[in-house]
Structure formats: structure tokens, C-alpha cells
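The sequence shown runs 752 to 1172 under my numbering.
Positions of the beta carbon are idealized from the N, C-alpha and C atoms, including for glycine.
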Amino acid sequence: MKYTRPRGTKDILPSEIGIWQHIESVSRSIFQLYNYEEIRTPIFESTELFAKNIGNATDIVEKEMYTFEDKGGRKITLRPEGTAPIVRSYIQNSLHKTEKVSKLYYMGPMFRYERPQAGRFRQFHQIGVENLGTSSPISDAEVIALGIQIFDELGLNKLSVSINSVGCPVCRPVIEERLKQFLSSNLDSLCTDCNRRFNQQPLRILDCKNKKCTTYFSGLPDISSSLCQECNDHFSAVQVYLDLLGIKFTINPTLVRGLEYYTRTTFEIVSDQLGAQNAVCGGGRYDHLVKNNGGPSTPAVGFAFGVERTIMVLKEIQEFVPISRNIDLYLIPLGQPQRNKCFIILQKLRKAGVICEMGYDNSSLKSHMKQANRLSSKHVLIYGEDEAEKKRAILKNMKTGKQKRIKTRQIIGALKHEFKV
């Protein structure tokens, strides 16, 4: 039987892994500049962790989670997002006792059962940050700036920032009531999901992607006019700090994100090269999530971006050329005794830090040279019967074609000198 990968998943092959490693490397270097440290959480968690924190009225919980019962009868879910597990870890490991502000980042696979489409998979990969411990609007602006810097370093252009404030428990009821009043007259025209959320979580209606529904959002009451004084001051300060950093932004009154834990600031970094689903990065503030999970009162803000969607944009603008394989030395033994000798040399060179490979079979010199070219080897070392008799090996520079002979007893030292290791 011939097996194929599950629908909505992707094999990341050696020929394309370079761009993945590049994105991860750039992200890590930027995180270090901002003093963020890596955290790794399990790929699966208790189902209740996500149901409670993401929200039962969200698409993720209602339709997209991969949930199963383990052999102990526990309900387990493959993580659909990264924030809830990090909050769980933050509380369980008492990170608030060791750091006043915890600045964390993560990388890894997430899982959601949704219709596969361009840039969207059922197993996908996210890179994200969480800044826990400060309510300062500076931290909101900082995480946005951090995201922008990563994309700038990757070479992405045509990016913009959309921001909004969804209020707090004080003013959220006022915002939701105004929204319900505005939508009530057109409720029969909205989709089933919007009707169900109308009474449960009316703010979630604004996250609906159904074009039939979004047409009724024009003329929406200005959410900012319903913010309490503290939320209004916070949102104004975020805008001031973004201005100070020279980050251009627009206020999008329907930007609520798809998760229920957000408070105050929500934002997206968007690309006009991805069509309708154009967000490459999204996040916001979640000041009550830690406390709602049994931890201390801990304000927090963060974001996440999808690696697959970032790669889509990079390929679209042809900003990234896949990294080719490139080794320092390819050893060509011609004969079994010579192969044994080269195998010893190979291992000693690797321990010394030389990137090298060896031909293991009885192929011809011509065939071995083709393989060295395929691997983009900078040099080859040829060691056959004739060389063994003369107690010498031939070192050839593949770029210049120049050759020189190296005494057998001096091969290791000569090659270390050649490659400066």
C-alpha cells in the first residue's frame, strides 16, 4: 500500500529547509536584541485549557481543534495556538516569582482542522512572543516594532499595521450592547454563526469572514467612543509610541481577532500581496488571562506569525534564494584500502570542524567528481592506488582547477591549515 501525507499537511524537504532555517535564525537574532528568551511547551495539552481560554464561541474551539481521549480517559487537544500553553507554564512554574517581566518566545507546530488553502494548513508553524508582567503601552508598541523588525530583516515590503482597542471588562459590556443594537435590525441576514454569537459573544461577530455578513458592518458604531477612560488613555498612548518609532498604522474598528482573551490593544501586520486573507502577523493584549487561570494578576501582550504564510510572501517577491548545499571537501578514495584510510581522515576532519563528505562506493573518478559538483564542494581529495604507492594525495580546488600533492602523513595537518580550522 502506498501512503500519502494527511490532507492539510506538508513535507518540508531538504531542498526547501533553507528558507525555514533562515526565518528561524532571523527571528532568534531579533528576539535576542529585545531580550526575549525561548520557551518550549508540549504539543498537546488538556482540552479545557483551550476551550476555557480561547472561548467556546470561537471557530477554533467550535470547529477546528484536534481533540481526542487518551488511554487514561483524559480529553487532550493538539495545541491550536501558543499563548494558552505559555500562560499555563508561566503559572505552573511560578515564573512571576523569578522575573518581574517575563519576555518569552516560541517556535513550533500548531494544529487546526480547517479547509486547506494557500498559506493555511492543518498542521502549521508559528513563531510568537509573549511579554508578561507589564501593562505599559510601551510594551504594546515594542512587540509591534519587534514584529516589524523581523519582517524588515527578512526583506518583506508592502506591509502595514492595523490596530484597534476592544476595551476591558469595564467598558466591554457597553461596546457589546452598542454593537447588538446596530446589528439587531439585520440579524436575519447574518450567518448562523453570527446569530449564535449575537447573545453569547457579540464582539466575535466582527471576526466573521463571511462576505455576506461583513457588508452589514459598514457604518459600525465607533468602538473607541465607548472605551472607558483608562482604555482610551492606553490606546492613545500606544499610538503615540508607534508614532515615536515612525511606524505607520491605521485604526481598524472591526479588528477584534479570533480569540476571546484579548483586552485593549489588538493589532495585525498585513501584506497586500496575500489577497483577502492578508495578515502575516497578529496579536494583542490579554491582561486577565493569567489571573483567570489561577495565577496572579499579570497584564500581558504578544503576537504570533505563521511561517508558511511568511514563506509565501517571500517567494512572491522573490526575496529569498534557497540556500544550496556547500561543503568544504569531498574525499574520493579509489579502492577499498584507500577507502579505509579516507574514512579515518573524514572523521578527524569533521571533528576539527571541516564540512566534508566521502564517496562510499566503487564508482569511477568521473562519477565521484560529478557528485562533488552536485554537493558544491569547494575542494576534492583524490586518493587512489597510485597515490597510496607514492604516499601522497591530490587536493584539487574545484573553482580554480588548481591541484597540489599532499604527503599522506601530513594530510590532516595540511587540510586543517587549508581550511583554517
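Looking at the unbroken beta strand (DSSP E) that takes in residue i, where does it start and where does it end?
i, result
"residue 1107", "1107-1109"
"residue 881", "874-883"
"residue 854", "853-862"
"residue 986", "Unbroken run through residue 986 is the alpha helix (DSSP H), 980-995; no beta strand (DSSP E)."
"residue 1014", "1014-1022"
Grouping DSSP H, G and I as helix and E and B as strand, with all else coil, what is residue i?
i, result
"residue 888", "helix"
"residue 824", "coil"
"residue 949", "helix"
"residue 1159", "helix"
"residue 781", "helix"
"residue 911", "strand"
"residue 1001", "strand"
"residue 1080", "strand"
"residue 1039", "coil"
"residue 801", "helix"
"residue 776", "helix"
"residue 970", "coil"
"residue 1054", "strand"
"residue 1010", "coil"
"residue 956", "helix"
"residue 1131", "strand"
"residue 1031", "strand"
"residue 1048", "coil"
"residue 902", "helix"
"residue 829", "strand"
Excluding the five sequence neighbours on either side, which residues of its own chain have a C-beta within less than 6 Å of the C-beta of residue i, listed in chain order?
i, result
"residue 1170", "1079 and 1105"
"residue 972", "929 and 933"
"residue 1030", "1019 and 1021"
"residue 1012", "804, 1037 and 1040"
"residue 956", "945 and 948"
"residue 1138", "1144"
"residue 781", "900 and 901"
"residue 1068", "none"
"residue 1123", "1081 and 1131"
"residue 1005", "957 and 968"
"residue 785", "897"
"residue 759", "867, 872 and 873"
"residue 835", "800, 801 and 804"
In the DSSP assignment, find the alpha helix (DSSP H) that holds residue i and state where it starts and stops.
i, result
"residue 816", "Premise fails: residue 816 is in no alpha helix (DSSP H) and is neither H nor E."
"residue 1138", "1136-1140"
"residue 1090", "1087-1103"
"residue 835", "834-843"
"residue 929", "923-934"
"residue 1145", "Segment 1143-1148 is the beta strand (DSSP E) holding residue 1145; no alpha helix (DSSP H) there."
"residue 763", "Note, residue 763: premise wrong, no alpha helix (DSSP H); not H, not E."
"residue 1062", "1058-1067"
"residue 1120", "1116-1125"
"residue 965", "962-965"
Measure how close the beta-carbons of residue i and residue j come, nearest whole angstrom, since I'm counting them as under 8 Å.
i, j, result
"residue 884", "residue 848", "That belief does not hold up - the Cβ atoms of residue 884 and residue 848 are roughly 11 Å apart, past 8 Å."
"residue 866", "residue 811", "The Cβ separation is near 14 Å, so there is no contact."
"residue 914", "residue 974", "Wrong, their Cβ atoms sit about 12 Å apart, outside the cutoff."
"residue 876", "residue 1057", "7 Å"
"residue 1142", "residue 1158", "6 Å"
"residue 889", "residue 993", "Between residue 993 and residue 889 the Cβ distance is about 11 Å, and since that is not below 8 Å, they are no contact."
"residue 796", "residue 839", "7 Å"
"residue 859", "residue 1055", "Their Cβ separation, rounded to whole angstroms, is 11 Å, which puts residue 859 and residue 1055 out of contact at 8 Å."
"residue 970", "residue 1008", "About 22 Å; that fails the 8 Å criterion."
Does the distance between the C-beta of residue i and the nearest non-hydrogen atom of the ligand GTP fall short of 7 Å?
i, result
"residue 1042", "Only the bare structure without any ligand can be found here, which leaves the ligand GTP out of the picture."
Leaving out five residues before and five after residue i in sequence, what residues of the same chain have Cβ atoms less than 7 Å from its Cβ?
i, result
"residue 927", "953 and 954"
"residue 817", "828, 829, 862 and 864"
"residue 1086", "1135 and 1136"
"residue 938", "946 and 949"
"residue 964", "941, 942 and 945"
"residue 762", "756"
Closer than 8 Å by C-beta to residue i: which residues in its own chain qualify, once you throw out the five before and the five after it? Chain order, please.
i, result
"residue 1045", "842"
"residue 978", "916, 918, 922, 926 and 986"
"residue 777", "901, 904 and 905"
Three or more C-beta pairs closer than 8 Å, one from the segment 1151-1166 and one from the segment 1108-1120: is that the case here?
They do not touch, by the three-pair rule.
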